[in-house]
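S.K.: Below: one structure in structure tokens.
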Amino acid sequence: MAAKVFESMGKFGLALAVAGGVVNSALYNVDAGHRAVIFDRFSGVQDIVVGEGTHFLIPWVQKPQNVPVITGSKDLQNVNITLRILFRPVASLLPRIYTSISENYDERALPSITTEILKSVVARFDAGELIT
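Under this note's numbering, think of the first position of the sequence shown as 635, with each following residue one higher.
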């Protein structure tokens, strides 16, 4: 009786360990300041760019390639900038904005747009020029 219980517990433990290994190999992290491009063994590089955070992939078929996207100043110094954005949507485009982006468009669209514009502006100046 006890042997059967231990045998079934062993099988359950083995199945749990295999399932845990598969789930562990299906998770990957993209660090802050990086983006990931997914390489698929069957279809090649996918057109999707993955942002920061923890994501899933198909184990042993897909592989993430992390790419740094941090931009420094013209003299390659890292700078910390605080940015305040004042925005006003074009009133005639509100229906289109709402249908394509949703009601929280300011939280979804503005951070990516401002980050790209800020990086392109900061890259034109030296760190000393940004301070003044």
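Ideal Cβ placement from N, Cα and C applies to all residues, glycine included.
Taking buried to mean at least 16 other C-beta atoms within 10 Å of its own C-beta, is A670 buried or exposed?
M.R.: Buried: at least 16 other Cβ atoms inside 10 Å.
S.K.: Tell whether a beta-carbon distance below 9 Å holds between Y662 and P698.
M.R.: In contact: Y662 and P698 (Cβ atoms closer than 9 Å).
S.K.: Below 6 Å CB to CB, which residues in the same chain sit around F690 once its five sequence neighbours on both sides are set aside?
M.R.: Here the set comprises A660.
S.K.: Need the endpoints of the alpha helix (DSSP H) that I765 sits in, please.
M.R.: Residues A761 to I765.
S.K.: Would you say the region 747-756 touches the region 713-725, given that touching needs at least three Cβ pairs under 8 Å?
M.R.: Segments in contact, yes.
S.K.: CA-CA distance, T733 and I692?
M.R.: So the two alpha carbons sit approximately 32 Å from each other.
S.K.: Does the beta-carbon distance from G767 to V664 come in below 9 Å?
M.R.: Not covered by the structure: residue 767. The range shown for the chain is 635 to 766.
S.K.: D740 by DSSP, collapsed to three states: which one?
M.R.: DSSP places D740 in helix when its eight states are reduced to three.
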